[in-house]
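Written out below as structure tokens is the structure these notes cover.
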Amino acid sequence: AIPTLASLYASSTIAAPSPSTLASSIYPFAHLLSLHCGDITSLSIDAIVNAANNSLLGGGGVDGAIHRAAGPDLLKECRTLNGCDTGSAKTTKGYNLPAKHVIHTVGPVYKSSKHEESEKLLRSAYRNSLEEAKRVGARSVAFPSISTGVYGYPFDKAATAALDEIGCWLENGNSKNVERIILCCFSQKDYDKYTELAPTVFPPQ
Ligand code: AR6
7 AIPTLASLYA SSTIAAPSPS TLASSIYPFA HLLSLHCGDI TSLSIDAIVN
57 AANNSLLGGG GVDGAIHRAA GPDLLKECRT LNGCDTGSAK TTKGYNLPAK
107 HVIHTVGPVY KSSKHEESEK LLRSAYRNSL EEAKRVGARS VAFPSISTGV
157 YGYPFDKAAT AALDEIGCWL ENGNSKNVER IILCCFSQKD YDKYTELAPT
207 VFPPQ
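Numbers given in UniProt numbering equal positions in the sequence shown, counted from 1, plus 6.
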């Protein structure tokens, strides 16, 4: 079962934070968000997001897992896309995956000396993936934790930016375009981090 963020508050002992730079009025949409711990390639939903590279021709990590599970036709379609800019997103079919679509996005390679630029690009990757989901009519979409593997983005910072950007997108009149946005964590540690951070971005009201 995929618990909703709203249901997590019932057991949360974390106090709501004082007002911060984070959007704080997005709690009304928290029922649209879920956390899932496991392999993103197992999800039977409209779209899964791939944390790809600029070539869109496959790689390791979640990208490798998605290509393996989807089969060689995915790579064939990716070859027609002419790559993807960092922060942008492009959609293919899901082929052998239970998901109908794969939204390929490219997160930034993290550089602490250029944190702001990295955060902007990471936020773009989430926002443009959601725009792609909207464009292809995908009403359920799952994200891996973009850039937090090989690309070295610190998990806490990435998770906070991801939650905030998704919340902003929903606030911008998009809450009717989706039924469920799933944050797919690959480890219990990452899942626990999300449950800890979510109430700081979506304060219970
Ligand atoms: N399901 C869900 N999450 C996963 C899975 C999976 N099957 N496998 C890994 N993760 P990474 P990046 C998590 O390195 O940092 C590739 O080679 C993983 O634990 O896959 O954006 C691309 O081709 C981590 O939290 O992506 C690029 O060259 C998250 O997915 C480069 O890596 C992202 O880790 C992109 O690096």
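The beta-carbon is built from N, C-alpha and C at its ideal position, and this holds for glycine as well.
Check: The segment 166–177 in contact with the segment 78–85 per 3-pair CB rule at 8 Å; Outcome: no
Check: For Asn56 and Ile72, the rounded distance between their alpha carbons; Outcome: 7 Å
Check: Local Cβ density within 10 Å of Tyr200, reported as buried at 16 or more and exposed below that; Outcome: buried
Check: With 16 other Cβ atoms within 10 Å as the buried cut-off, status of Lys96; Outcome: buried
Check: Range of the contiguous beta strand (DSSP E) that encloses Ile188; Outcome: 186–191
Check: Whole-angstrom distance between Leu39 and Ala148, CA atom to CA atom; Outcome: 10 Å
Check: Leu128 in three-state terms, based on DSSP; Outcome: helix
Check: Proximity test, Ile172 beta-carbon vs the ligand AR6 heavy atom, cut-off 7 Å; Outcome: no
Check: Residues near Lys140 in its chain [Cβ-Cβ closer than 8 Å; skip 5 each side]; Outcome: Asn180, Asn183, Val184
Check: Coil, strand or helix - Thr92 by DSSP; Outcome: coil
Check: Whole-number beta carbon distance between Ser50 and Pro104, since they are thought to touch under 8 Å; Outcome: 4 Å
Check: Residue burial classification, Thr47 (beta-carbon count within 10 angstroms, cutoff 16); Outcome: buried
Check: Among His110, Ser118, Glu138, Ala204, the one whose alpha carbon lies nearest that of Ile152; Outcome: His110
Check: Residue of Asp198, Thr92, Val68, Ala144 minimising C-alpha distance to Lys99; Outcome: Ala144
Check: Length of the line joining the Cα atoms of Gly113 and Leu41; Outcome: 20 Å
Check: Rounded separation between Tyr101 and Arg74 - CA only; Outcome: 11 Å
Check: Environment of Thr154 [buried if 16+ CB atoms lie within 10 Å]; Outcome: buried
Check: Cβ-based neighbour list, Ser193, same chain, cut-off 8 Å, excluding 5 preceding and 5 following; Outcome: Cys43
Check: Separation of Gly89 from Tyr116, as counted between CA atoms; Outcome: 20 Å
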